[in-house]
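Just so you know, the sequence shown maps onto residues -7 to 133 in my numbering.
This report concerns only the one structure given below.
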Amino acid sequence: MNSFQTTKKAGSLNARVSSTIRKGGVHVSVNERRAEIMKILVARRQTTVPLLAQELCVCCNTVRNDIHALALDYPLETCSGNGGGVRVADWYHPYKNMLTEEQSVALEQLLLFADIRQAEVIRQILAEFSSQTYRQKYAKE
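This is the structure in structure tokens:
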């Protein structure tokens, strides 16, 4: 294990301090670690607990506990077995407003009936707010 949790005496009980120490002696709070997990999940959309544990220099149980806590506030899905791991719900994009697939298809169908000016506006909307596929397709036009 690359990190450890420190303990302090609280009366006669041991109380865990809510931070871990990574390699290099950098203290990372639970909230900072959980925020980092969410950043990774939003960027990758899916990963595994062992990969997160290795990247964050904590044990797998720590990551599982963090995922369990984060799932109370965020749309996280976990699957075990081959191809499993932790993933963010497809519709969840906190850093960018995005169209759903259904909305993108509807706008693309409207392009067939739009005049030149309307078509340009629809293409701009698709390029800016659709999935990566639509963005690549309409950013070039």
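Note that the Cβ used here is the ideal one computed from N, Cα and C, for glycine as well.
Straight-line CA distance for residue i to residue j?
i, j, result
"residue 112", "residue 106", "9 Å"
"residue 49", "residue 41", "12 Å"
"residue 100", "residue 53", "46 Å"
"residue 66", "residue 103", "35 Å"
"residue 68", "residue 92", "18 Å"
"residue 56", "residue 83", "23 Å"
"residue 90", "residue 19", "35 Å"
"residue 110", "residue 85", "27 Å"
"residue 94", "residue 122", "10 Å"
"residue 35", "residue 108", "35 Å"
Take the Cβ of residue i as the centre, count every other Cβ of all protein chains shown within 10 Å, and call the residue buried at 16 or more, exposed below.
i, result
"residue 21", "exposed"
"residue 97", "exposed"
"residue 45", "buried"
"residue 58", "buried"
"residue 25", "buried"
Grouping DSSP H, G and I as helix and E and B as strand, with all else coil, what is residue i?
i, result
"residue 51", "coil"
"residue 15", "Because residue 15 carries a pLDDT of 49, less than 50, the predicted location of this residue cannot be relied on, and no value is offered for it."
"residue 102", "helix"
"residue 72", "coil"
"residue 115", "helix"
"residue 122", "coil"
"residue 37", "coil"
Give the C-beta separation of residue i and residue j to the nearest angstrom, bearing in mind that I take them to be a contact with Cβ-Cβ under 8 Å.
i, j, result
"residue 70", "residue 78", "5 Å"
Determine contact between the region 63 to 80 and the region 112 to 121, defined as no fewer than three beta-carbon pairs at a distance below 8 Å.
-> Touching, no, given that fewer than three Cβ pairs across the two stretches are closer than 8 Å.
At least three beta-carbon pairs within less than 8 Å, the region 29 to 43 to the region 62 to 69 = Cβ pair count under 8 Å is three or more, so yes.
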